[in-house]
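Going by the working numbering, the residue at position 142 of the first sequence is 126; the numbering climbs one at a time, nothing skipped.
See structure below.
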Amino acid sequence: MPELPEVETIKNDLSPYLIGRTITDITLTWSKSVIKPSSLELPGRLIGQTIKDIQRRGKYLIFPLESGQYLIMHMKMSGSLILKAASSQEEVRFSRTIFTLDTGERLHFIDPRKFGMIWLIEDKEEVVGKLGPEPLEPAFTPDTLSKILSNRKAPIKALLCDQELIAGIGNMYADEALFASRLHPYEIGGNLDDKEVTLLHQGIISVLRAGIAHYGASTSDYYRPDGTKGMAHMFFNVAHRGGKSCPVCGTTIQRTMVRNRGTYFCPECQKLRQP
DNA sequence: CCCGGAACCTGAAGGC
DNA sequence: TGCCTTCAGGTTCCGG
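Following this line, the structure appears as structure tokens:
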């Protein structure tokens, strides 16, 4: 599931190949991926446009174009972008959209579950304008986090995954950040004291940086643009490790549900404060 | 405004 | 061996 570190890795991997390239063709095999404009209009508007840069905002991948427009993609849960050489003949499984470049290379938007989304728009804020702060930007301080959580009554795990509060954290890294700061996922967000908020702030930043350093986590469908997997999941302490032992204390890691999402935690290291 | 849950999808995995 | 059920989860939408 591409979260911030996975999308950042895709951006970094693709940058040297895509910046300055012109899109010469597009093939849509699942047109519902295209949100705006209509899938019928997209080819005519996109073909001939040149990619000026690649950026990431939250879990969105943004391609500013020379025309001033933006091509934006969201991988949702199962999406990947795979770059194939001009000479490649092999069929790409689950390919939903194919962008052909002026080099002859083809960029495949792979999306088994068909949840991914593509936009071509003038104003990128229309798509990413409501997102919360970027957790790896200097402006994201413990004080920022404190203000975000204050008076909130939802479980801290649910708040961490809310893109309008903080951008880019998903299920896996929320679990890892909570383990790093020894907080129980059901803890009420607004109940955290200053010390806990500071620990959580550090935890968020450290698990996201570690994720990027290991090129993202391939727990299921995520692949880097060259087809290889990330390694970040090998260093996870609790995420997707239900039934295994906590690397800190050896207690069996438990799985529960928060907002209908599988949530992993160590019941010994992450104790729920009594009400 | 805030919170929780369903819906969108389909491959993979587990049960019988 | 094979059918059936369940699980996975980012975002949006809707109800309380």
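Glycine is no exception: its CB is placed at the ideal position from the N, C-alpha and C atoms.
Could you give the C-beta distance for residue i and residue j, rounded to a whole number, given that I count them as a contact under 8 Å?
i, j, result
"residue 64", "residue 207", "5 Å"
"residue 116", "residue 43", "12 Å between Cβ atoms; not a contact."
"residue 167", "residue 254", "6 Å"
"residue 11", "residue 81", "7 Å"
"residue 252", "residue 235", "4 Å"
"residue 159", "residue 223", "4 Å"
"residue 211", "residue 157", "With 8 Å as the limit, residue 211 and residue 157 do not qualify as a contact, their Cβ atoms being about 23 Å apart."
"residue 84", "residue 37", "About 20 Å; that fails the 8 Å criterion."
According to the neighbour-count rule (16 or more other Cβ atoms, all chains shown, within 10 Å of its Cβ), is residue i buried or exposed?
i, result
"residue 232", "exposed"
"residue 88", "exposed"
"residue 228", "exposed"
"residue 75", "exposed"
"residue 218", "exposed"
"residue 123", "exposed"
"residue 197", "exposed"
Would you say residue i and residue j are within 8 Å of each other, going by their C-beta atoms?
i, j, result
"residue 140", "residue 162", "yes"
"residue 131", "residue 101", "no"
"residue 214", "residue -8", "no"
"residue 49", "residue 33", "yes"
"residue 30", "residue 7", "yes"
"residue 149", "residue 176", "no"
"residue 320", "residue 62", "Given that the chain is displayed from residue -15 to residue 259, the structure contains no residue 320 and the question cannot be resolved."
Can you tell me which residues form a DSSP beta bridge with residue i?
i, result
"residue 40", "45"
"residue 54", "48 and 105"
"residue 16", "According to DSSP, which records beta bridges pairwise, residue 16 is partnered with nothing at all."
"residue 67", "91"
Mind the definition here: the stretch 38 to 55 touches the stretch 132 to 139 only if three or more C-beta pairs lie below 8 Å; say whether that holds. Taking one beta carbon from each stretch, the stretch 38 to 55 and the stretch 132 to 139 have fewer than 3 pairs nearer than 8 Å; the two do not touch.
Counting Cβ pairs, one atom from each stretch, are 3 or more of them under 8 Å apart for the stretch -4 to 3 and the stretch 15 to 33? no
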